[in-house]
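Presented below is the structure to which this report refers.
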Amino acid sequence: MPELPEVETVRNGLALKLQGRRLVRVDQHRPDLRFPLPIDFAQRLTGRQVQSLDRRAKYILIRVEGGLVWMIHLGMSGSMVVKPGPAGRPAAHDHLVFHTDDGWVVTYNDTRRFGFMDLFDEAAMDSHPMLAGLGPEPLGNGFHADGLSGRLRGRAAPIKSMLLDQKVVAGLGNIYVCEALFRAGIDPTRSADSVAGADAERLVPIIRDVLSEAIAAGGSTLRDFVQSDGELGYFQHSFQVYGREGEGCGRCDCDPAATGGVKRITQSGRSTFFCPRYQH
DNA sequence: CACACAACCTGTCAGC
DNA sequence: TGCTGACAGGTTGTGT
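Going by UniProt numbering, the first residue of the first sequence is number 1, and it counts up by one from there.
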């Protein structure tokens, strides 16, 4: 499911219901997600007030009373859905259920269990292994052409793979990398090094635009992704290449029946969608 | 060090 | 209907 826009959408929805509320009960239905949950996770969260919700890359970082940070990563299939209580029977893969003092119920569901959570002291944030070493936020001031070029220069790996690397830029995933490279007319198989310079300069604002538009649309809804309020994001209707193998790309006037349209290839084990006639 | 690939886990869909 | 294989939005760890 979730790349930066989806995680931001979830953070927003959670903030509306959780900020300032106290967690009066936490039901934990299994000891682990992708990794073991911290010792006494549910017990340590119970009774604490939620202070603020932030996002870094694809992580949701929730400050709770007592100087703790509750970290959530949704993995591929995780969701946090908020509903008015009381809670019914947990559905399949409802691994954690959080109850607020004003009667809302937040359920973490994750079929594939690639997601994970942590709970640690605020002071340990900078050195947290999942957060240290992340690249700049693509929507922040720290993301700029000079910096991006610096990280791409000398790298032989394909630009597609480099942009998926969270150390290069934090928060992009398979969909938005494909879409950004398409909009920029950059062939995903080109070496990262060859994109440093003028192409990186064009790419930076395009990445910002794609992400901003997706956030404004409430993210993309694929398969079972739902926002925390149960609404559906609709940015998937704006995809120009992702998931559109064989269709016309809409930018070049090629006839998909004759040229094959959008192509799907595999790079570093992930599907890449692109138009070989429009992207060079 | 840089890069490719398998693994983690479950579900769905296409093809036979 | 049922089986098999491919594939799915991410990240980590291993191997070359």
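Backbone N, C-alpha and C define an ideal beta-carbon position, used for all residues, glycine too.
Would you report the Cα separation of residue i and residue j, rounded to the nearest angstrom?
i           : j           : result
residue 280 : residue 249 : 14 Å
residue 58  : residue 278 : 30 Å
residue 241 : residue 73  : 26 Å
residue 201 : residue 235 : 25 Å
residue 132 : residue 147 : 18 Å
residue 244 : residue 262 : 6 Å
residue 20  : residue 85  : 18 Å
residue 225 : residue 81  : Because the pLDDT at residue 225 is just 49, under 50, the model does not fix this residue reliably, and the point stays unresolved.
residue 127 : residue 11  : 22 Å
residue 156 : residue 192 : 6 Å
residue 159 : residue 7   : 24 Å
residue 32  : residue 48  : 22 Å
residue 46  : residue 39  : 13 Å
residue 163 : residue 185 : 15 Å
residue 123 : residue 15  : 22 Å
residue 92  : residue 115 : 16 Å
residue 41  : residue 64  : 13 Å
residue 25  : residue 222 : 31 Å
List the endpoints of the continuous beta strand (DSSP E) containing residue i.
i           : result
residue 100 : 94-100
residue 263 : 263-267
residue 115 : Where residue 115 is concerned, there is no enclosing beta strand (DSSP E), given that its DSSP letter is neither H nor E.
residue 79  : 78-84
Measuring only from the beta carbon, is residue i closer than 6 Å to any heavy atom that is part of the ligand HEM?
i           : result
residue 157 : The ligand HEM is not among the ligands present in this structure, which contains no ligands whatsoever.
Tell me which residues share the same chain as residue i and place their Cβ nearer than 7 Å to its Cβ, disregarding the 5 neighbours each side in the sequence.
i           : result
residue 9   : 215, 218, 219, 227, 233
residue 166 : 57, 134, 135
residue 112 : 75, 76, 77
residue 144 : 204
residue 276 : 263
residue 208 : 138, 139
residue 3   : 58, 171, 172, 173, 175, 176
May I ask you to report which of helix, strand or coil DSSP gives residue i?
i           : result
residue 271 : strand
residue 220 : coil
residue 74  : coil
residue 111 : coil
residue 22  : strand
residue 54  : strand
residue 256 : helix
residue 212 : helix
residue 134 : coil
residue 121 : strand
residue 106 : strand
residue 16  : helix
residue 204 : helix
residue 49  : strand
residue 225 : The predicted model places residue 225 with a pLDDT of 49, which falls under 50 and marks its position as unreliable; any figure quoted below should be read in that light. Of the three classes helix, strand and coil, the one that applies to residue 225 here is coil, per DSSP.
residue 4   : helix
Could you tell me which of the options sits nearest to residue i, measuring between CA atoms?
i           : options            : result
residue 266 : 174, 222, 207      : 174
residue 118 : 137, 103, 102, 96  : 96
residue 44  : 27, 52, 60         : 27
residue 107 : 196, 23, 270, 237  : 23
residue 270 : 126, 60, 177, 109  : 177
residue 161 : 259, 208, 190, 6   : 190
residue 138 : 127, 5, 273        : 5
residue 247 : 222, 273, 268      : 273
residue 182 : 171, 199, 168      : 199
residue 13  : 172, 195, 197, 62  : 62
residue 66  : 50, 60, 210, 54    : 50
residue 229 : 120, 104, 168, 184 : 104
residue 142 : 257, 169, 110, 37  : 169
Can you tell me where the alpha helix (DSSP H) holding residue i begins and where it ends?
i           : result
residue 162 : 159-164
residue 64  : Where residue 64 is concerned, there is no enclosing alpha helix (DSSP H), although the beta strand (DSSP E) it sits in stretches over 59-64.
residue 37  : From DSSP, residue 37 is part of no alpha helix (DSSP H); its letter is neither H nor E.
residue 146 : 145-152
residue 178 : 174-184
residue 194 : 192-195
Considering only residues of the same chain and omitting the five flanking positions on each side of residue i, which have a CB-CB separation below 6 Å?
i           : result
residue 29  : 95
residue 187 : 279, 280
residue 100 : 21
Considering only residues of the same chain and omitting the five flanking positions on each side of residue i, which have a CB-CB separation below 8 Å?
i           : result
residue 213 : 235, 238
residue 255 : 248
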